[in-house]
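K.L.:
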Ligand code: HEM
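What follows is the structure in structure tokens.
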């Protein structure tokens, strides 16, 4: 008979709870501060409490994780312990089971089906459409008086919307008064309010707001399902994302996507794919207006590589500084400023306990300004993105497109679009912020300039006149 050991090894001590603010409203904790100024709250909490901070948002425990290894743990190594969080519930009402909001095996299958449509070779077909839309925007700007201000953010929303329409659906969605644009802004506003509010009434309650939302959603459905039906009836050759999504088949079952799945993916891509890129470019143009030395360097690179012609896909790898500027702008103003996961099993992150149901928040905005990983974190310095400097940095100290299996599927598309649009704009004009125009961050679903971005247009002098002034030290952005 086996003998019973006389001493039993003590069980390891359970992981402690992460530190966090002690102040807050009884029962609700820090929820009002998170609602009033989430960026400020995250930045202060990280500085005060460290790389894992525990907040109380009503009945929810929310952990902000800013350590690159902790982030890798959540997004990659132990991704199976998490789902998308309840914060996606508002978007889910609009996007259904699209890639951004679906989960589990369904998401895995959809991602596998959609992935080939986003391969680099496929993307190349879209560069031309992007260039054409940029050309139309510049033509509009050409008719704009020099001294009159332009809302550059609104212009960029318009052009990225037009690009997603052309590349996804071969359809012109560009009419600012058109049904799609109007319906989209109603559903987005609703989704945003719904996700943020603790007290939002579910959409089935008959309020005027809910009725407006449902009407707008029906309009979107009718338009998108109408386009899909038309394609099914006459599947002419369209070189767009929709036809790629319609053509793909599951290798095991040979099934293709249903109309409903296509509808969810189309609306997801329209939503995920236009406001994010518009914001990225708006912040880039804002930063360039504050750093004329950097702007001159971009203009000089464009002159040297393009000599005044529009950029083609083959030119993009040579526009290295232009790309570094976009990367640095995505660091300071990441459009996806925070995203969340919800634990489905117990976990330990950087030594701290996470319970099932807890929310884990990752804020690219806070991580990208972490003084341990970035010198002069608030300063604008595209040189940080020289390949030799990128090499020494932890992978998850920079994640404007997320990471792991659910990394942004449109990453390549967005970078190509941003490079094409920025090159076209800077070749054409220098943009100057209207003095006293308030520039404030508005962290909604994406990070927007709250009051738009009013800028005046100064048409570019002939290419030869662009100065090659060396890049000086950059002052910190506000
Ligand atoms: C600068 C532009 C963009 C930024 C900063 C951005 C950022 C992100 C981030 C951070 C995620 C991951 C969210 C999470 O893990 O919860 C994501 C997912 C996604 N993005 Fe983007 N995105 C951009 C442009 C685009 C474009 C152009 C498209 C489509 C053409 C797109 C389509 C998607 C989709 C479908 C997902 C969900 C992927 C999945 O879960 O499988 N995005 N994006």
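Residue numbers (the working numbering): 1145 to 1622.
For each residue, glycine too, the CB sits at the ideal point set by N, CA and C.
Being a predicted model, the structure only gives us computed values, none of them experimental.
Taking three-plus beta-carbon pairs below 8 Å as touching, is the region 1363–1382 in contact with the region 1320–1338?
P.N.:
yes
K.L.:
Taking Cβ positions, are residue 1440 and residue 1449 nearer each other than 7 Å?
P.N.:
no
K.L.:
By Cβ distance below 6 Å, which residues in the same chain neighbour residue 1400 in space, the five residues on each side in sequence not counted?
P.N.:
Closer than 6 Å at the Cβ level, and outside the excluded window around residue 1400, lie 1393.
K.L.:
Assuming residue 1300 is part of the alpha helix (DSSP H), what are its boundary residues?
P.N.:
1296–1308
K.L.:
Leaving out five residues before and five after residue 1488 in sequence, what residues of the same chain have Cβ atoms less than 8 Å from its Cβ?
P.N.:
1225, 1226, 1227, 1500
K.L.:
How many Å lie between residue 1246 and residue 1402 at the Cα?
P.N.:
15 Å
K.L.:
With DSSP as the reference, label residue 1496 as helix, strand or coil.
P.N.:
strand
K.L.:
So, using beta-carbon positions, are residue 1127 and residue 1412 closer together than 7 Å?
P.N.:
Outside the modelled stretch of the chain, which goes from 1145 to 1622, sits residue 1127, for which no answer is possible.
K.L.:
Leaving out the 5 sequence neighbours to the left and right, which residues in its chain are closer than 7 Å to residue 1162 when beta-carbon positions are compared?
P.N.:
Excluding sequence neighbours, residue 1162 sits near 1196, 1197, 1198, 1207, 1496.
K.L.:
Tell me which residue opens and which closes the alpha helix (DSSP H) that residue 1558 is part of.
P.N.:
1555–1572
K.L.:
For residue 1608, collect the residues of the same chain with a Cβ closer than 6 Å to its Cβ; drop the 5 residues on either side in sequence, then sort them by chain order.
P.N.:
Reliability fails at residue 1608, whose pLDDT of 39 lies under 50, so the model's placement of it is uncertain and the value that follows must be treated cautiously. Taken in chain order, the list of residues that qualify is empty.
K.L.:
Pick out whichever of 1472, 1230, 1314, 1309 has its Cα sitting closest to the Cα of residue 1484.
P.N.:
1230
K.L.:
I need the straight-line Cα distance from residue 1594 to residue 1578, nearest angstrom please.
P.N.:
15 Å
K.L.:
Sort 1508, 1575, 1502, 1352 by Cα distance to residue 1205 and report the nearest one.
P.N.:
Distance from the Cα of residue 1205 is smallest, within the candidate group 1508, 1575, 1502, 1352, for 1502.
K.L.:
Kindly indicate the opening and closing residues of the beta strand (DSSP E) around residue 1623.
P.N.:
This structure cannot settle anything about residue 1623, because the visible part of the chain is limited to 1145 through 1622.
K.L.:
Please go through the region 1443–1500 and give each complete beta strand (DSSP E) segment of 3 or more residues, from N-terminal end onward.
P.N.:
If we require 3 residues or more, the beta strand (DSSP E) runs fully inside the region 1443–1500 come out as 1483–1487, 1491–1493, 1496–1498.
K.L.:
Would residue 1349 be called buried (16 or more neighbouring beta carbons within 10 Å of its own) or exposed?
P.N.:
exposed
K.L.:
Return yes when at least one heavy atom of the ligand HEM lies under 6 Å from the C-beta of residue 1176, else no.
P.N.:
Not one heavy atom of the ligand HEM sits closer than 6 Å to the Cβ of residue 1176.
K.L.:
By a C-beta neighbour count over all protein chains shown, 10 Å radius and 16 as the cutoff for buried, is residue 1525 buried or exposed?
P.N.:
buried
K.L.:
For residue 1184, which of helix, strand or coil comes out of DSSP?
P.N.:
Three-state result, residue 1184: helix.
K.L.:
Quick check: the Cα distance between residue 1616 and residue 1437, rounded to an integer number of angstroms?
P.N.:
Interpretation of residue 1616 is limited by its pLDDT of 33, a score under 50 that renders its predicted location unreliable; no figure is taken from the coordinates.
K.L.:
Do residue 1296 and residue 1446 have their beta-carbon atoms positioned less than 7 Å apart in this structure?
P.N.:
no
K.L.:
Measure the Cβ-Cβ separation of residue 1430 and residue 1183 and say whether it is below 7 Å.
P.N.:
no
K.L.:
Pull up the distance between the alpha-carbon of residue 1192 and that of residue 1601, whole angstroms please.
P.N.:
43 Å
K.L.:
Counting only the same chain and skipping the five closest in sequence on each side, list residues whose C-beta sits under 7 Å from that of residue 1152.
P.N.:
Scanning its chain for C-beta atoms nearer than 7 Å, with the 5 sequence neighbours on each side dropped, one finds no residue around residue 1152.
K.L.:
What's the call for residue 1304, buried or exposed, on a 16-neighbour Cβ count within 10 Å?
P.N.:
buried
K.L.:
If residue 1243 sits next to residue 1258, beta carbons under 8 Å apart, how far is it from one beta carbon to the other, in whole angstroms?
P.N.:
6 Å
K.L.:
Does DSSP put residue 1521 in a helix, in a strand, or in coil?
P.N.:
coil
K.L.:
So if DSSP puts residue 1601 in a beta bridge, which residue, or which two residues, is it bridged to?
P.N.:
1575
K.L.:
Per the contact definition of three or more C-beta pairs closer than 8 Å, is the region 1557–1568 in contact with the region 1263–1280?
P.N.:
yes
K.L.:
Between the C-alpha atoms of residue 1553 and residue 1546, what's the straight-line distance to the nearest angstrom?
P.N.:
10 Å
K.L.:
Just list the residues that DSSP pairs residue 1201 with in beta bridges.
P.N.:
BP columns for residue 1201 point to 1173, 1204.
K.L.:
Could you name the residues of the same chain whose beta carbon sits closer than 8 Å to that of residue 1316, not counting the 5 residues immediately before and after it, in chain order?
P.N.:
Closer than 8 Å at the Cβ level, and outside the excluded window around residue 1316, lie 1306, 1309, 1310.
K.L.:
What three-state label does DSSP hand residue 1592 in the structure shown?
P.N.:
Three-state result, residue 1592: strand.
K.L.:
Tell me whether the beta-carbon of residue 1596 lies closer than 7 Å to the beta-carbon of residue 1298.
P.N.:
yes
K.L.:
With the ligand HEM as the reference, list in chain order each residue whose Cβ lies under 5 Å from any of its heavy atoms.
P.N.:
1243, 1244, 1255, 1413, 1416, 1417, 1420, 1421, 1424, 1479, 1480, 1483, 1544, 1545, 1546, 1550, 1552, 1553, 1554, 1557, 1558
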